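Input: a single structure, listed below in C-alpha cells.
There are 2 protein chains.
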Amino acid sequence: MRRRPAPYRPRALAPIERVPGLDYDVLDDLLGYSLRRAQVAMFLAFDAATRGLDITPPRFTALVIIGANPGINQSVLGRVLGIARSGAMALTDWFEARGWVERRRRSDDGRAWGLHLTRRGERLVARMKRSVRRHDRWRAAVLTAAERRELLRLLNKLAG
Amino acid sequence: MRRRPAPYRPRALAPIERVPGLDYDVLDDLLGYSLRRAQVAMFLAFDAATRGLDITPPRFTALVIIGANPGINQSVLGRVLGIARSGAMALTDWFEARGWVERRRRSDDGRAWGLHLTRRGERLVARMKRSVRRHDRWRAAVLTAAERRELLRLLNKLAG
DNA sequence: AGGCGATCGTTATAGAGCATTACAATCGGA
DNA sequence: TCCGATTGTAATGCTCTATAACGATCGCCT
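In order, the protein sequences belong to chains A and B.
Going left to right, the first sequence walks through residues 6 to 165 as the working numbering numbers them.
Going left to right, the second sequence walks through residues 6 to 165 as the working numbering numbers them.
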C-alpha cells in the first residue's frame, strides 16, 4: 500500500514579483502560470475584504455553501471544496467553536449531520459576502465591464 | 515580536466537484472563485505533463527561470516565486541533490551563488517545457485560438 | 581607511493545511 | 438478514512555508 506523493498545493500568496529584465521564457505563454499570477492578485483583494476575520478563501466558500444549502453534510462540503472528509470535519469544528455553524441531527440519515449557519453566522456571512464582492469588483476595475464578463465566461468554460 | 498568522496558501488540487443542484450563491460571480476552479483544471494538465518526475508548478517555474537566466541568485529566485529565501534555499538543495542545478561562485559578489542548470538539467528542462506546453494547450483546446489569446490578455491585465 | 546598515546564504524552529488510514455506526439493496 | 458502501471521527505524518537569528560580504558615507 504505497503512499501516493502528496498532491501539490499552490504556494504562498506573498506577492509574486515581476522582476524587470528577467527572462520568463515559456512561462508567459502558459495559461497555468498566468492563472496563478491573476489568482494572487485577486487574493490580495480578498485579504483586504476579510481583514481581521481570520478567514481564508476555503473558509469563505464553505460558509457561503452552508448558508445557501442548509442541511448539507460534511462529506458533500468536502467534495465541493476539493478536500477530504477529515478536512471538512476540522473546518466544521472551527466554525462551530466560533458559534457560526451548528450541526443538527437529520431524521433521514442517522450517520450524517446537517450543517446550518447560526443567527450570528448568518449575519457575519451576509457582511462578508458584501465585502468580498465589493473588493472583487474593485480589483477587477482594471477591466471594463465587458472584459470582466468575458473573463468569467472563459474561466468557466476552461474549468469545465 | 509577535508571530504573524501564517499567510493563507490555497489548497489541494483534488478535483473540485461541481455538485448538481447545489446553490453556489455569490461564488459564481466572483473572479477569485472562477480563477481557482480554472487553475485546478489547468493543474490536471500540468500533472499529466510531468507525471513521474516529482515536479510541481513552483519547481517547474524555478527550473525555467534558472535556465533562462543563468547566474541568477537564490534571493531573486525567491522573489520571482513569491517565497522566502529559506524556501529558495531548500528548493535549490533539492535540485542540486538531483544533479539538475549547480551553485557557482560569482566573481562580482562574494555572498551570492550563481545558479546554473547542469547538462542533465538542461536536457530535462527542455523536455519538460515541451511537455508542459503541449498539455497546457491541449487542456485549453476547449477554447478557440482567439479565446485563448484573449484569456491570456485579460489574465495579464488583471495580474498587473 | 573605517564604520555601518543592507543583503546573501544558511540553519533551526514552528505551524497551517492537507492526506491517509482505520474504525464504529448506519444505510440500502440483494 | 447479510454485506458492501457511506458518514463522521480520531490519530498520524508529510509538505510547504514563514520567522528569526547568525556570519560573511557588500556598498556607501564620512
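Each residue gets a CB set at the ideal place from its N, CA and C atoms; glycine is no exception.
Here the structure is a predicted model, which is why all the values come from computation and not from measurement.
Going by C-alpha positions, A:Thr97 is about 13 Å away from A:Thr123. At a cut-off of 8 Å between beta-carbon atoms, A:Thr66 makes contact with chain B.
Under DSSP, the beta-bridge partners assigned to A:Ile77 are A:Leu120. Look at A:Asp98: its C-beta is not under 8 Å from any C-beta on chain B.
In chain order, Pro15, Gly37, Leu40, Arg41 and Gln44 make up the part of chain B whose C-beta sits under 8 Å from the C-beta of A:Gln44.
Relative to the Cα of B:Ala46, the nearest Cα in the group A:Arg138, A:Ala46 and A:Leu40 belongs to A:Leu40. Cβ neighbours of B:Ile77 within its own chain (closer than 8 Å, five residues either side excluded): Ile70, Ile71, Gly119 and Leu120. Put simply, of B:Ile21, B:Ala145, B:Leu32 and B:Arg23 the residue whose alpha carbon is nearest the alpha carbon of A:Ala131 is B:Leu32.
For B:Arg109, no alpha helix (DSSP H) run applies; the uninterrupted beta strand (DSSP E) run containing it begins and ends at Val106 to Arg110, by DSSP. Residue environment for B:Pro75: exposed (fewer than 16 other C-beta atoms within 10 angstroms of its C-beta). The beta carbon of A:Gly87 sits closer than 8 Å to some beta carbon of chain B. Within a 10 Å sphere around the beta-carbon of B:Thr149 sit fewer than 16 other beta-carbons, which makes this residue exposed. Taking 8 Å as the CB threshold, B:Ala145 lines the interface with chain A. Neighbours of A:Leu148 across chain B, judged by C-beta separation under 8 Å: Leu159, Lys162 and Leu163.
Per DSSP, the continuous alpha helix (DSSP H) segment holding B:Tyr38 begins and ends at Leu36 to Ala54.
Contact annotation for B:Ile21 against chain A: Arg84, Val85, Leu86, Gly87 and Ala164 [CB-CB distance below 9 Å, chain order]. Across the stretch 96 to 124 of chain B, no CB contact with chain A closer than 7 Å is found for any residue.
The beta-carbon of B:Pro25 is placed no less than 8 Å from the nearest beta-carbon of chain A.
In this structure, the CA atom of A:Ala93 is about 17 Å from the CA atom of A:Asp59.
Per the C-alpha coordinates, the member of B:Glu155, B:Asp28 and B:Thr55 positioned closest to A:Ala73 is B:Asp28. Exclusion of the five residues before and after B:Gly83 leaves Ala89, Arg90, Gly92 and Ala93 as the residues of its chain whose Cβ lies within less than 7 Å of its Cβ. The Cβ of B:Asn78 sits no closer than 8 Å to any Cβ of chain A.
In this structure B:Val24 is in contact with A:Val81, their Cβ atoms being roughly 6 Å apart against a cut-off of 8 Å.
For A:Glu127, the nearest beta carbon of chain B is not closer than 8 Å to its own beta carbon. Burial state of A:Ala164 is buried, judged by a 10 Å Cβ sphere holding 16 or more other Cβ atoms. Look at the stretch 49 to 62 of chain A: the residues with a C-beta under 8 Å from a C-beta of chain B are Ala50, Phe51, Asp52, Asp59, Thr61 and Pro62.
One Cα belongs to A:Arg142, the other to A:Leu86, and the distance between them is close to 23 Å. Taking C-beta atoms as the reference points, B:Gly104 and B:Arg125 count as a pair closer than 8 Å. In this structure, B:Asp52 is the residue among B:Thr61, B:Pro62 and B:Asp52 with its C-alpha nearest to the C-alpha of B:His140.
Exclusion of the five residues before and after A:Ala67 leaves Leu82, Leu86 and Leu96 as the residues of its chain whose Cβ lies within less than 7 Å of its Cβ. Between the alpha carbons of A:Trp99 and B:Arg110 lies a distance of about 49 Å. For B:Glu127, the three-state secondary structure derived from DSSP is helix.
Counting along the chain, A:Leu156 sits inside the alpha helix (DSSP H) bounded by residues Ala150 to Ala164.
In this structure, the straight-line span from the alpha carbon of A:Arg144 to that of B:Gly57 is close to 38 Å.
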